[in-house]
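Student: Each residue of the sequence shown is one higher than the one before, counting from 1 in full-length UniProt numbering. After the structure tokens below, expect a handful of questions from me.
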Amino acid sequence: MPKTDPPKTDCVDILKALSDRSRMRIVKALLPKEHGVNDLADELSLSQYNVSKHLRVLKQAGIVDMHPEGTRREYFIVKEFRERLKKENHVLDFGCCSFRFDQLPD
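Next comes the structure, spelled out in structure tokens:
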């Protein structure tokens with residue numbers, strides 16, 4: 001299993017990462033399975049550059065990570081984040097606000 005960075009405990013990083021609609025759409029696409037940048041760009045009708053930029057922000061926030069697969073890089077939701085969503089029934093509650101990952105925008 002690929003090594004992931006420790007999850008962020010500061011909700012500010014997570015809120016910043018999820019404050020962009022494209023990043024929310026990327027998270028939604030990665031919830032069921034991992035994807036490469038090109039797959040995400042095609043599926044979400046975004047440029048490869050923008051997908052890469054958004055994935056970098058999500059990775060820094062501890063939401064996604066990647067592993068190499070041949071010449072590709074496959075991105076996935078980190079285990080800790082996925083477990084937290086499962087435990088909280090697909091809702092991330094910060095007290096001041098919450099994200100319902102079962103109702104993210106398309």
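Where is the CB? At the ideal position from N, CA and C, for every residue including glycine. Because the structure is a prediction, the values reported are computed rather than measured.
When the Cα atoms are used, what is the spatial distance from E74 to E34?
Tutor: Answer to the nearest angstrom: the Cα atoms are 6 Å apart.
Student: Skipping 5 residues on each side, what residues in its chain have a beta carbon closer than 7 Å to that of R72?
Tutor: Here the set comprises G36.
Student: Compare the C-beta of L44 with all C-beta atoms of chain B and state if any pair is closer than 8 Å.
Tutor: Reference to chain B is not applicable here, since this structure consists of a single protein chain.
Student: On the three-state DSSP scale, how would you describe D106?
Tutor: D106 falls in the coil class under three-state DSSP.
Student: Which word fits G62, buried or exposed, when buried means at least 16 other C-beta atoms lie within 10 angstroms of its C-beta?
Tutor: It counts as buried.
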